[in-house]
Structures are given as C-alpha cells and as structure tokens.
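Novice: 89 is the number of the first residue of the sequence shown in this note's numbering; add one for each residue after it. The C-beta atom is built at its ideal place from N, Cα and C for all residues, glycine as well. Note that the structure is predicted; figures quoted are calculated from it, not measured.
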Amino acid sequence: SIVISEYEKLPKSVILDEKTVAVVMTHNYLYDLTIITNILPLPLRYLGILGPRRRTEKLLGEIPIDEQYKKRLYAPVGLDIGADNPQEIALAIIAEIQAVISNRSAGFLRHRNLPIHSQIEEGDRR
Numbered sequence: 089s090i091v092i093s094e095y096e097k098l099p100k101s102v103i104l105d106e107k108t109v110a111v112v113m114t115h116n117y118l119y120d121l122t123i124i125t126n127i128l129p130l131p132l133r134y135l136g137i138l139g140p141r142r143r144t145e146k147l148l149g150e151i152p153i154d155e156q157y158k159k160r161l162y163a164p165v166g167l168d169i170g171a172d173n174p175q176e177i178a179l180a181i182i183a184e185i186q187a188v189i190s191n192r193s194a195g196f197l198r199h200r201n202l203p204i205h206s207q208i209e210e211g212d213r214r
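This is how it looks when you write it as structure tokens:
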C-alpha cells in the first residue's frame, strides 16, 4: 500500500521495517534534513531523496551516514530514463523501487542472458 503522510504522524500510521520504501521531498530543506536524519537508521528497504543533485548532496553532507545505510540510500532518486515532467519522474522512481525490491539491475531486457522471469514466477503461472 502507499501511505502519504506528514512525518510527525507517520509512526502512528505505518510500521517502518525492511519491507518499507520511502521517498523524501518536502520542499523545506530543514524539514527534509530532520526526516532523513530520523529515518535513515530505521531498517527500510529503500530510502530515496527527491530533488536536485546539489541540494541532495548538501543534505547528505550534513548527516553522518554509516556505511550500512548507504546501500539502501538512493539519491538522487529514480532511474535515468530521460524524465522531465512529473509523470515521467514518478515512473523513473517507481521503476527504481521495483528494481530494488526485485533485486534487479534495471537494465534493458535485451541485454539479459537469463530468463526474464525467475523460475519461481514461471512456476506460479502454471
């Protein structure tokens, strides 16, 4: 499910665990800094930071980031699909999240030498 929430209300509305993905962008630098600082240590599967690269780098430069958190931190968020408008940016973000959840590289299928679907998925279709 998708939850859109103010940060203060979030702990009461959803459990943040290893199955959780989060994307942060409030258009308030200090608010984003607070949110990222507080949720980075949580066992999230994915934490994406939306916004310009320079803003994101400045944010992350102010937060001491343990090496264990870097593997689940995606900033700037999204795949490089040439996204310009809000719909394309949303698609790039969702595609990246799906790739992370599926443990895939998000590359072109024509370059994949293995079956497109895992054997478990193929077995479920029968």
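1. Would you be able to state if there are at least three C-beta pairs under 8 Å between the region 170 to 182 and the region 143 to 152?
2. So what does DSSP say about Ile127, is it helix, strand or coil?
3. Whose C-beta lies closer than 6 Å to the C-beta of Tyr157 among residues of the same chain, with five residues either side of it excluded?
4. Could you check the C-alpha separation between Glu210 and Ser190 for me, to the nearest Å?
5. Under DSSP, the alpha helix (DSSP H) around Ile182 begins and ends at which residues?
6. Helix, strand or coil for Leu202? Go by DSSP, reduced to three states.
7. Could you check what DSSP says for Leu161 in three-state terms: helix, strand or coil?
8. Report the option in Ile90, Tyr117, Ala183 and Leu132 whose CA atom is closest to the CA atom of Ile151.
9. Output the distance between the C-alpha atoms of Pro203 and Arg192, rounded to the nearest integer angstrom.
Specialist: This is what the structure gives:
1. no
2. In the sequence shown, counting from the first residue as 1, residue 127 sits at position 39. Three-state result, Ile127: helix.
3. Working through the sequence shown from its first residue, we reach residue 157 at position 69. Counting only Cβ-Cβ distances below 6 Å, and skipping sequence neighbours, we find Leu128.
4. Position 122 of the sequence shown holds residue 210. Position 102 of the sequence shown holds residue 190. Summary for Glu210: the model assigns pLDDT 48, below 50, so the residue's position carries little reliability, and this model does not support an answer.
5. Position 94 of the sequence shown, counted from the first residue, corresponds to residue 182. First-last of the alpha helix (DSSP H) with Ile182: Pro174 to Ile189.
6. Position 114 of the sequence shown, counting from 1, holds the residue named residue 202. Note: Leu202 maps to coil in three-state DSSP.
7. As a first step, residue 161 must be located in the sequence shown, where it is residue number 73. Here Leu161 sits in strand by DSSP.
8. Numbered from 1 along the sequence shown, position 63 holds the residue referred to as residue 151. Of Ile90, Tyr117, Ala183 and Leu132, the residue nearest in Cα terms is Tyr117.
9. Position 115 of the sequence shown holds residue 203. Position 104 of the sequence shown holds residue 192. Pro203 and Arg192: Cα-Cα distance of roughly 13 Å.
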